[in-house]
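Peer 1:
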Amino acid sequence: MKSINVAVVGFGNVGRAFVKTLALKRKTLSEKYGININVVAIADSKGMVIKPSGLDDYEMLKLCEVPKSGIHMFGSYAKQGVDIAEIYDKAAPNIHVELTPANYATGEPGYTNIVFALKRGAHVVTANKAPLVLYYREIVEEARIRRLMIKFRATVMGGTPFLEMLSSMKSHDIEKVEGILNATTNYILTEMHENLLDFEQALRKAQALGIAEADPSLDIEGFDAAAKLVIISYVIGKPINISSIYRESVAQISLKDVLDAVKQGHVIKYVAALDAQKMVASVKIEKVPRDNVFAQINGTLNGVRIKSDATELFFIGRGGGRIETAHTVLDDVIEVALRGSA
Ligand SMILES: NC(=O)c1ccc[n+]([C@@H]2O[C@H](COP(=O)([O-])OP(=O)(O)OC[C@H]3O[C@@H](n4cnc5c(N)ncnc54)[C@H](OP(=O)(O)O)[C@@H]3O)[C@@H](O)[C@H]2O)c1
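What follows is the structure in structure tokens.
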């Protein structure tokens with residue numbers, strides 16, 4: 629049985645769903661794949677739990693019940709304050725799971741944590757887009773020279789194994805990747821079309837259901853979808869800079885726009901597109917014919933079309949959601965555990 633030690637940095641929606649899923653599936657995973665995945669450390673913004681021998685399933689499930697920012701109160705393994713070096717000194721994790729919030733101004737704390745982990749010999753799995761959007765080359769190079777893996781399939785279509793498929797298309801010349809990459813704005817637009825809510829009402833409903841953040845600007849200004857296009861561009865080897873991506877705000881869509889589009893047999897969608905031949909990318913409001921595939925992608929679903937010199941593929945699935953994203957993160961961890969040299 630191969631034993632792998634994991635540190636989880638960031639213990640919010642996805643971090644908790646990851647730890648809970650692992651606690652519930654660990655036995656099956658060890659029977660199926662011959663790997664024993666131990667969580668040796670967890671950190672949130674206020675504190676850490678470090679147990680070098682690994683938390684047991686019960687401790688992991690109980691930790692998921694502590695209030696937000698509260699793991700420093702969890703028994704004798706817990707302490708106040710976050711010190712990533714202490715996690716590595718005491719518990720020497722083989723895999724670093726970075727699930728901190730995305731900060732597109734600095735990439736922090738994710739960037740520093742990821743580079744630190746790689747320098748200490750740990751493979752990295754992350755759902756945090758910002759460090760990759762700002763420092764993709766640096767991170768990948770750091771991993772490459774140390775022969776470590778950096779996995780981030782949860783960063784785009786978090787609940788669907790889309791990036792893995794895209795990166796596996798190595799013989800293809802990818803011409804275009806386009807689609808609905810942001811679940812929050814797709815939900816808002818679906819509410820406007822189906823329940824005739826205006827933009828503000830639909831946004832408030834999305835916030836009440838926990839689909840939209842209290843500050844939804846990254847989603848509605850197209851920044852989140854643009855960040856995903858940047859990661860896609862790196863994966864296909866045609867890097868673009870986020871500042872070069874043309875973005876329109878979805879907040880400018882009125883109920884009248886929706887009704888006018890419907891009368892003309894169209895549906896309004898927020899489409900993110902990367903033209904890898906012209907090297908241009910955009911996040912734009914588009915009127916899509918009702919019989920187009922993208923018109924059928926509603927609510928919190930995402931849908932992406934990949935056009936290559938050889939084929940055309942469509943992916944439809946969950947863009948995020950804590951449980952779906954946690955499974956994608958866990959898939960990455962399992963893959964590293966099976967393939968990595970740790
Ligand atoms: N939610 C999704 O469906 C989804 C899907 C795909 C990707 N993602 C990405 O996954 C990441 C996590 O998302 P989430 O929804 O779990 O976010 P979240 O609920 O806001 O959780 C973030 C966690 O990071 C912790 N944190 C903040 N600063 C920290 C620091 N300096 N050191 C250690 N921990 C720190 C927070 O601590 P406190 O609890 O103390 O505040 C919290 O536990 C984000 O980058 C997000 O963009 C999320």
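Heads up: the sequence shown begins at 629 in our numbering, then just goes up one per residue. Positions of the beta carbon are idealized from the N, C-alpha and C atoms, including for glycine. Just so we're clear, the structure is a prediction, and the values are computed from it rather than from any experiment.
Taking the alpha-carbon positions, what's the I723 to V961 distance?
Peer 2: For this step, residue 723 is matched to residue 95 along the sequence shown. For this step, residue 961 is matched to residue 333 along the sequence shown. Approximately 7 Å between the Cα atoms of the pair.
Peer 1: Do the region 925–939 and the region 677–697 touch if we need at least three Cβ pairs shorter than 8 Å?
Peer 2: no
Peer 1: Pick out the complete beta strand (DSSP E) segments inside the region 665–700, 3 residues or longer, and give them in chain order.
Peer 2: 675–678
Peer 1: In its own chain, which residues sit with a C-beta less than 6 Å from the C-beta of G638, not counting the 5 before and 5 after it?
Peer 2: Counting from 1 along the sequence shown, the entry for residue 638 is found at position 10. Same-chain partners within the cutoff: L727, T728.
Peer 1: Going along the chain, which residues of its own chain have a beta-carbon closer than 8 Å to the beta-carbon of E714, five neighbours each way excluded?
Peer 2: If you number the sequence shown from 1, residue 714 lands on position 86. Same-chain partners within the cutoff: M676, I678.
Peer 1: Quick one: what does DSSP say N633 is sitting in, helix, strand or coil?
Peer 2: For the purposes of this step, residue 633 is taken as the residue at position 5 of the sequence shown. Of the three classes helix, strand and coil, the one that applies to N633 here is strand, per DSSP.
Peer 1: Cutting at 7 Å between CB atoms, please list the residues of its own chain near A834, excluding the five before and the five after it.
Peer 2: By one-based count along the sequence shown, residue 834 stands at place 206. Same-chain partners within the cutoff: T812, Y815, I816, A840.
Peer 1: Give me, in chain order, the residues of the same chain whose beta-carbon lies closer than 6 Å to that of P759; leave out the 5 immediate sequence neighbours on both sides.
Peer 2: Looking up residue 759 in the sequence shown gives position 131. Counting only Cβ-Cβ distances below 6 Å, and skipping sequence neighbours, we find G735, G738, Y739, I742.
Peer 1: With DSSP run on the structure shown, which of helix, strand or coil describes V649?
Peer 2: Numbered from 1 along the sequence shown, position 21 holds the residue referred to as residue 649. Before going on, a small fix: residue 649 reads as Thr here, not Val. It is helical.
Peer 1: Can you check which of these residues, S861, H894, A923, A669, is closest to R644 by C-alpha distance?
Peer 2: The sequence position of residue 644 within the sequence shown is 16, counting from 1. If we check each option's Cα against that of R644, A669 comes out closest.
Peer 1: Where does R772 fall in DSSP's three states?
Peer 2: Along the sequence shown, read from residue 1 onward, the residue named residue 772 stands at position 144. For R772, the three-state secondary structure derived from DSSP is helix.
Peer 1: Let me check you understand the geometry: is the CB of L809 closer than 7 Å to at least one non-hydrogen atom of ligand 1?
Peer 2: Here residue 809 refers to the residue found at position 181 of the sequence shown. Checking the Cβ of L809 against ligand 1 gives no.
Peer 1: From K674 to H700, what does the alpha carbon distance come to, in whole angstroms?
Peer 2: Reading the sequence shown from its first residue, position 46 is the one you call residue 674. Reading the sequence shown from its first residue, position 72 is the one you call residue 700. For K674 and H700, the distance between alpha carbons rounds to 7 Å.
Peer 1: Give the range of the alpha helix (DSSP H) segment to which T956 is assigned.
Peer 2: As a first step, residue 956 is located in the sequence shown; it is residue number 328 there, counting from the start. Run containing T956: 950–967, per the alpha helix (DSSP H) assignment.
Peer 1: Just list the residues that DSSP pairs F943 with in beta bridges.
Peer 2: In the sequence shown, the residue the question calls residue 943 occupies position 315. Answer by DSSP bridge pairing, in chain order: V932.
Peer 1: Just verifying my parser: in three-state terms, what is the DSSP assignment at L902?
Peer 2: Your numbering for residue 902 matches position 274 in the sequence shown. The answer is strand: DSSP assigns L902 an E or B state.
Peer 1: Indicate the three-state DSSP secondary structure (helix, strand or coil) for Y732 in the structure shown.
Peer 2: Here residue 732 is taken as the residue at index 104 of the sequence shown, counted from 1. Looking at Y732 - three-state DSSP - the assignment turns out to be coil, as it is neither helix nor strand.
Peer 1: So, are the CB atoms of G947 and L791 less than 8 Å apart?
Peer 2: In the sequence shown, residue 947 corresponds to position 319, counting from 1. In the sequence shown, residue 791 corresponds to position 163, counting from 1. Cβ atoms of G947 and L791: not closer than 8 Å.
Peer 1: Do E770 and L746 have their C-beta atoms closer together than 8 Å?
Peer 2: Here residue 770 refers to the residue found at position 142 when the sequence shown is read from its first residue. Here residue 746 refers to the residue found at position 118 when the sequence shown is read from its first residue. Contact flag set, yes.
Peer 1: With which residues is T754 paired in a DSSP beta bridge?
Peer 2: The residue given as residue 754 occupies position 126 in the sequence shown. Looking at the DSSP assignment, T754 forms a beta bridge with E726.
Peer 1: Are three or more beta carbon pairs between the region 898–907 and the region 862–869 nearer than 8 Å?
Peer 2: Counting C-beta pairs with one atom in each stretch, the region 898–907 and the region 862–869 have three or more that are closer than 8 Å, which means they touch.
Peer 1: Which of helix, strand or coil does DSSP assign to R781?
Peer 2: To locate residue 781, count along the sequence shown from 1; it is residue 153. Note: R781 maps to helix in three-state DSSP.
Peer 1: Using CA coordinates, which residue listed in N756, R967, L857 is at the minimum distance from N641?
Peer 2: Here the question's residue 641 lines up with position 13 in the sequence shown. When only C-alpha atoms are compared, the closest one is N756.
Peer 1: Distance check for F744 and K798, CA to CA, integer angstroms please.
Peer 2: In the sequence shown, the residue the question calls residue 798 occupies position 170. In the sequence shown, the residue the question calls residue 744 occupies position 116. So the alpha carbons of these two residues sit roughly 30 Å apart.
Peer 1: E914 bridges to which residues according to DSSP?
Peer 2: For this step, residue 914 is matched to residue 286 along the sequence shown. Beta-bridge annotation (DSSP): E914 is paired with K897.
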